[in-house]
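Residue numbers for the sequence shown follow this note's numbering, so the first one is 92 and each next one is one higher.
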Amino acid sequence: MQKVQNLVVGCGFSGATIARRIAEELDQQVLIIDARDHLAGNAYDYRDPHGIMVHRYGSHIFHTSHEDVWAWMCRFTAFNTYMHRVVAIIDGEETPIPFNLRSLHSVFPHSLAERLEHKLLDQFEYNARIPISDFLQQADPDLRFLADFVYEKVFRHYTAKQWGVAPEADGMGAVTARVPVLISCDSRYFQDKYQGIPLQGYTETVRRMLDHPNIRVQLGTPYHELGVDYERLFYTGSIDEFFGYSCGVLPYRSVRFEFEEHALPYYQSCAVVNYPCNYDFTRIHEFKYYLRDASAHTTIAKEYSENFILGKNERFYPTPHQHAAAIYAAYAAKAAELPQVHFLGRLGCYRYYDMDQAIHQALQLPL
Ligand code: UDP
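Below, the structure written as structure tokens:
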């Protein structure tokens, strides 16, 4: 059987980062494979016939406060200065998300918004970031009314569509805390120091990361069909698959996108519009905003959440429930017995990593 020194499974950011580090820092040969026929994992993007850079698996906005991650990415790509903004349609109005002091004024009459704003500024530090689960613990009746409003209009239905459970369900607190209530006028979706979209796209960025004489890339190659022996393995696929599902199938949420092309300059007012209370989709992505693509057309995607079903759709989100954590713990115990195998990334570690967290982990791993 053919033997390689280092095998990396998965051509997303985790796999590409570790492959490049091995090639450069150790000057060793790396074979990197992916079951899919494209690079970049779920960050994969491509230009469609209208010249619009489409994010095939939904919007990916690069944002980080890790200096090392930003410096790493900037070796392979330049970024634009895009700062992500999201609005949710609440009572028919475009409302900034995360819900903040500006949002108050878009959903309430002036007098009520002012009263609530004063009370919020009395009660909380300016710039406080409050998870909805904490925000609901209000003694003041006006603030209680506001918290119930935000819970109902922003979180309850969106979370039910996205996860199939209520925001107060087991483990969901950490998920909804990604989008806190902000006591400020900051209407950016992310507050990180660095944010932007790679000028030539994510796929090209990963291609450049893997463009090294020590790295060989093989797409369309599932790990279990490879038939290659290795000294060390860096596995970024789902850890349950590696172990043949012997401790059970890890649950994930998946997403289905319905793409539409419109003969319009723009379809909506920003790249992502959330629809917490209406329709069956959670949000609509309009991709031409990301790189300010000039086109008379626009390409959008309506995002529908669904359960991951093995062999039917792709894994997107590890679920935060306790029974999933128990299955993962059983695999982690098996993994600990294999010192020559390292599990990385969202699927390898079954953690809701953003791109920068996945890269940070791959940069920190001792080689
Ligand atoms: N969320 C919500 N309403 C919104 C936006 C987010 O209820 O308008 C909740 C929902 O549970 C979602 C979570 O916050 O799954 C995290 O949202 P985020 O935008 O971080 O998810 P991602 O972009 O990773 O899908």
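Glycine included, C-beta positions come from ideal geometry on N, C-alpha and C.
Treat the numbers as computed from the prediction; the structure is a model and nothing was measured.
Requested in this report: For Val241, verify whether its CB is less than 7 Å away from any heavy atom of the ligand UDP.
Outcome: no
Query raised in the report: Once you ignore the five residues that flank Arg193 on each side, which residues in its own chain have a CB closer than 8 Å to its CB?
Result: Excluding sequence neighbours, Arg193 sits near Pro187, Cys276, Ser278.
**Report entry** Boundaries of the beta strand (DSSP E) in which Arg112 is found, first to last residue
**Finding:** Careful: Arg112 lies outside any beta strand (DSSP E), inside the alpha helix (DSSP H) at 104-112.
Query raised in the report: Among Ile375, Phe281, Gly264, Asp331, which one has its Cα closest to the Cα of Asp447?
Result: Cα-wise, what sits closest to Asp447 is Phe281.
Query - 8 Å Cβ cutoff met for Phe104 and Gly149 - result: no
Query raised in the report: Cα separation between Glu316 and Ile124?
Result: 11 Å
**Report entry** Residue from Phe236, Gln291, Phe378 with nearest C-alpha to Ser386
**Finding:** Phe378
Report task. Per DSSP, which residues does Leu324 bridge with? Please list them. Result -> Leu98, Val432
Query - Ala459 versus His433, Ser224, Val256, Leu234, residue with shortest Cα-Cα distance - result: Outside the shown range of the chain, which is 92 to 458, sits residue 459, and nothing can be said about it.
Query raised in the report: Is Pro411 near the ligand UDP, judged by its Cβ being under 7 Å from some heavy atom?
Result: no
Report task. Flag Tyr249 as yes when its Cβ comes closer than 7 Å to any non-hydrogen atom of the ligand UDP, and as no otherwise. Result -> yes
Query raised in the report: Would the C-beta of Trp163 count as close to the ligand UDP, meaning under 7 Å from any of its heavy atoms?
Result: Incorrect: Trp163 has no Cβ contact closer than 7 Å to the ligand UDP.
**Report entry** DSSP-derived helix/strand/coil call for His154
**Finding:** strand
Query raised in the report: Are the segment 125-145 and the segment 361-379 touching by the rule of at least three beta carbon pairs closer than 8 Å?
Result: Under the 8 Å Cβ criterion, the segment 125-145 counts as touching the segment 361-379, having at least three qualifying pairs.
Requested in this report: Could you name the residues of the same chain whose beta carbon sits closer than 7 Å to that of Gly264, not counting the 5 residues immediately before and after it, in chain order?
Outcome: Pro222, Ser224
Query raised in the report: So, using beta-carbon positions, are Phe153 and Met300 closer together than 8 Å?
Result: no
Query raised in the report: Which runs of the beta strand (DSSP E) spanning at least 3 residues fall entirely within the segment 225-313, listed in chain order?
Result: For the segment 225-313, whole beta strand (DSSP E) runs of length 3 or above, ordered along the chain, are 285-287, 306-309.
**Report entry** First through last residue of the beta strand (DSSP E) which encompasses Arg374
**Finding:** 374-377
Query raised in the report: Which first and last residues belong to the beta strand (DSSP E) in which Met446 is found?
Result: Not the beta strand (DSSP E): Met446 falls in the alpha helix (DSSP H), residues 446-455.
Requested in this report: Pick out whichever of Asp384, Glu116, Tyr137, Leu211 has its Cα sitting closest to the Cα of Ile274.
Outcome: Leu211
Query raised in the report: Are the segment 172-190 and the segment 284-293 touching by the rule of at least three beta carbon pairs closer than 8 Å?
Result: Output reads yes: the segment 284-293 touches the segment 172-190.
Report task. State the Cα-Cα distance for the pair Gly255 and Tyr343, rounded to the nearest angstrom. Result -> When the Cα atoms are used, Gly255 and Tyr343 turn out to be separated by approximately 12 Å.
Query raised in the report: Among Tyr217, Asp445, Phe240, Thr389, which residue has its Cα nearest to the Cα of Val198?
Result: Residue Phe240 is the option with its Cα nearest to Val198.
Query - Bridge partner(s) assigned by DSSP for Ser396 - result: Val346
Query raised in the report: According to DSSP, what are the bridge partners of His209?
Result: In the DSSP output, where bridge partners are listed per residue, His209 has none listed.
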